[in-house]
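Per full-length UniProt numbering, residue 1 is the first one in the sequence shown, and the count goes up by one each step.
Ideal Cβ placement from N, Cα and C applies to all residues, glycine included.
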Amino acid sequence: MSVNSKHILILSNQIIAELLGGFLLDPLPTEDPEPSSTPVFLEEPQDASVVGKKPATLSCKARHALQVYFECNGRLAEHRQHSMQQYVNPMSGVRQVEVSVDVTRGDVEKILAGDIFSCYCFAWSSTGRIKSRKAIVSLSCEYL
1 MSVNSKHILI
11 LSNQIIAELL
21 GGFLLDPLPT
31 EDPEPSSTPV
41 FLEEPQDASV
51 VGKKPATLSC
61 KARHALQVYF
71 ECNGRLAEHR
81 QHSMQQYVNP
91 MSGVRQVEVS
101 VDVTRGDVEK
111 ILAGDIFSCY
121 CFAWSSTGRI
131 KSRKAIVSLS
141 CEYL
């Protein structure tokens with residue numbers, strides 16, 4: 001490419017920018033705007049109710065996590081796991097993991113009288129582990 005053709009290319013980009021109102025798209029980020037790789041919750045589990053035979057579903061989403069999982073009443077909830085999705089945000093390049101679990105009427109009824117059924121979500125990476133808020137699962141009347 002000759003010097004003149006380089007100038008024409010630069011000039012044509014400037015003309016296009018002016019035609020578009022002076023705006024060019026920002027280049028894609030080359031690094032995470034938050035350099036810390038400690039997990040961060042994007043969504044924490046919320047309190048829920050089991051209605052009739054329909055289980056309560058708790059969800060949790062975190063970025064910078066290698067693993068996201070639930071513990072319910074002090075036990076790993078892997079057998080209840082409903083779904084797990086992992087993806088990389090194409091704009092930021094940041095890994096996100098989303099997990100949901102189903103809690104059934106039987107799960108809640110197994111708890112001793114007076115105790116509550118609760119779950120926490122944990123997100124883990126090589127730089128640390130974080131714990132979500134407590135989500136309480138209750139039973140609703142079957143005849144609603």
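Exposed unless 16 or more other CB atoms sit within 10 angstroms - verdict on residue i
{"i": "residue 86", "result": "exposed"}
{"i": "residue 134", "result": "exposed"}
{"i": "residue 61", "result": "buried"}
{"i": "residue 88", "result": "exposed"}
{"i": "residue 77", "result": "buried"}
{"i": "residue 90", "result": "exposed"}
{"i": "residue 113", "result": "exposed"}
{"i": "residue 149", "result": "No answer is possible for residue 149: the residues shown for the chain start at 1 and end at 144."}
{"i": "residue 115", "result": "exposed"}
Selection from the options that minimises the alpha carbon distance to residue i
{"i": "residue 84", "options": "66, 56, 73 and 113", "result": "66"}
{"i": "residue 145", "options": "73, 104 and 124", "result": "The structure shown does not extend to residue 145, since the chain is modelled only from 1 through 144, so no value can be given for it."}
{"i": "residue 140", "options": "130, 103, 94 and 72", "result": "103"}
{"i": "residue 92", "options": "107, 64 and 46", "result": "64"}
{"i": "residue 73", "options": "129, 138, 117 and 127", "result": "117"}
{"i": "residue 151", "options": "59, 98, 137 and 47", "result": "The question about residue 151 has no answer, for the chain in this structure spans 1 to 144."}
{"i": "residue 100", "options": "82, 131, 94 and 107", "result": "82"}
{"i": "residue 43", "options": "57, 75, 52 and 98", "result": "98"}
Closer than 9 Å to chain C by CB, residue i
{"i": "residue 108", "result": "Absent from the structure: chain C. Only one protein chain is present."}
Quiz prompt | Contiguous alpha helix (DSSP H) assignments of at least 4 residues, all confined to the UniProt domain "Netrin receptor UNC5A-D-like N-terminal" (35-137) | solution = Runs found: 105-109.
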